[in-house]
């Protein structure tokens, strides 16, 4: 018999409608205001940087004050204000500031959700409840894209910010179902849970159980000095290049579709089909990993990921005119198929690689490396595309992903050769 779903979980639906809706409409709005991929890349970098800082800040706030309802209400209120601000502004420079504020407050529900799951049910039910949160979040993403697909067909982009503001207001109301009394876990507990770790890596990318010191990065630093102190350093570098190359693609995707003369409705539809594919693969990925094992599944996940990046590059080079809708859909779906398998298998591998007692440090370093990769990926996309064009930019991203694949192969071989039999 399945346990009863906790009532607080439903705040995730409107919260994800807002989050996914804003992440899609902001690049479109920048282009609508006369910006190009350079401005989109700057906004993406600012928002991702604020998300990384917010992941650390909100985690510390939760640990200090042990309040979840108030944090959800405050963060949703500021997201609402940012949505209204974007509705009212015609300035790309104002969007820079609003996107930075948005990123900081948008990520607040990440550590709250993780701790609510772990405090709400027994440990043997964590996997069940984390899965429910992922499904509800994915449904919210689908709803956001469906609204955008239909709405942008009849109206311009500006009213969509009002929809995001309304859904954020609904999030505030539903957040009142969150209870602060009971067991209060520290955010460091996420580092001791494979289910929490996988959920974090798949949805938020960043978890900082502790403030990092320079010494915590020693396993990466020693590699650049010509030696390996621990194979986890190779894992960090492989993850860095994975998110670096992937985020070049993600940052460029909306401007690329607009460059290909796609309408706003077509862009939303592209993301909606991509999200539906991601939700489907959510149920299939564990079976693939169970059949092939974590290591082989991680390597296999690169096949659709690299193909997804190469498809628009090759198509742009050899096709005259715009790319067809089926071509872009194939690319978008392959991208999330690869990520769904990779995030599940790599999180298991990472969890098994952490020495007992070092969970907080290792998870913090991994989050920092991931954050740097995402930030740099966003930052370089604009300049790379302006100077070299979309085709070369996508090919460069595919090369970076191949570097990540090679590093993971090195990691697995080094790990195997140093096993104690």
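In this note's numbering, the protein residues as written are 913 to 1333. Every residue gets a Cβ at the ideal spot worked out from N, C-alpha and C, and that includes glycine.
Beta-carbon spacing of residue i, residue j below 7 Å
{"i": "residue 1080", "j": "residue 930", "result": "yes"}
{"i": "residue 1243", "j": "residue 1213", "result": "no"}
{"i": "residue 1069", "j": "residue 941", "result": "yes"}
{"i": "residue 1266", "j": "residue 1274", "result": "yes"}
{"i": "residue 934", "j": "residue 1076", "result": "yes"}
{"i": "residue 1228", "j": "residue 1239", "result": "no"}
Residues near residue i in its chain [Cβ-Cβ closer than 7 Å; skip 5 each side]
{"i": "residue 1319", "result": "1146, 1149, 1150, 1153"}
{"i": "residue 1249", "result": "1189, 1193, 1216"}
{"i": "residue 1322", "result": "1146"}
Reduced DSSP secondary structure (H/G/I, E/B, other) of residue i
{"i": "residue 1175", "result": "coil"}
{"i": "residue 884", "result": "Past the edges of the chain, shown from 913 to 1333, lies residue 884, and the structure says nothing about it."}
{"i": "residue 1304", "result": "helix"}
{"i": "residue 952", "result": "helix"}
{"i": "residue 1198", "result": "helix"}
{"i": "residue 1032", "result": "helix"}
{"i": "residue 1332", "result": "For residue 1332, the pLDDT reaches just 39, beneath the cut-off of 50, and the residue's location in the model is therefore unreliable, although a value from the coordinates is still provided. Three-state DSSP puts residue 1332 in coil, outside helix and strand."}
{"i": "residue 1267", "result": "coil"}
{"i": "residue 1209", "result": "helix"}
{"i": "residue 983", "result": "helix"}
{"i": "residue 918", "result": "coil"}
{"i": "residue 1058", "result": "helix"}
{"i": "residue 1327", "result": "helix"}
{"i": "residue 1278", "result": "helix"}
{"i": "residue 1256", "result": "helix"}
{"i": "residue 1003", "result": "coil"}
{"i": "residue 1285", "result": "helix"}
{"i": "residue 1236", "result": "coil"}
Cut-off 8 Å between Cβ atoms - residues of its own chain near residue i, not counting five sequence neighbours on either side
{"i": "residue 1010", "result": "994, 997, 998, 1001"}
{"i": "residue 980", "result": "974, 1024, 1027, 1028, 1090, 1092"}
{"i": "residue 1047", "result": "1191, 1194"}
{"i": "residue 1032", "result": "918, 920, 1041"}
Spatial neighbours of residue i in its chain, beta-carbon cut-off 6 Å, leaving aside the 5 residues before and after
{"i": "residue 1083", "result": "923, 926, 927, 988"}
{"i": "residue 1168", "result": "1302"}
{"i": "residue 945", "result": "1004"}
{"i": "residue 1111", "result": "1042"}
{"i": "residue 1306", "result": "1221, 1224, 1225"}
>> Does the structure place the stretch 1132 to 1141 close enough to the stretch 1283 to 1299 that three or more beta carbon pairs sit under 8 Å?
In response: no
>> Would you call the stretch 1044 to 1058 in contact with the stretch 1188 to 1195, where contact means no fewer than 3 C-beta pairs closer than 8 Å?
In response: The answer is yes - the stretch 1188 to 1195 touches the stretch 1044 to 1058, with three or more Cβ pairs under 8 Å.
>> Below 8 Å, how does it come out for the stretch 1309 to 1324 and the stretch 1174 to 1181: are there three or more Cβ pairs, yes or no?
In response: Judged by pairs of C-beta atoms under 8 Å, the stretch 1309 to 1324 does not touch the stretch 1174 to 1181, as fewer than three such pairs exist.
> Quick check: the stretch 1200 to 1213 against the stretch 1249 to 1258, are there 3 or more CB pairs under 8 Å?
Replying inline: yes
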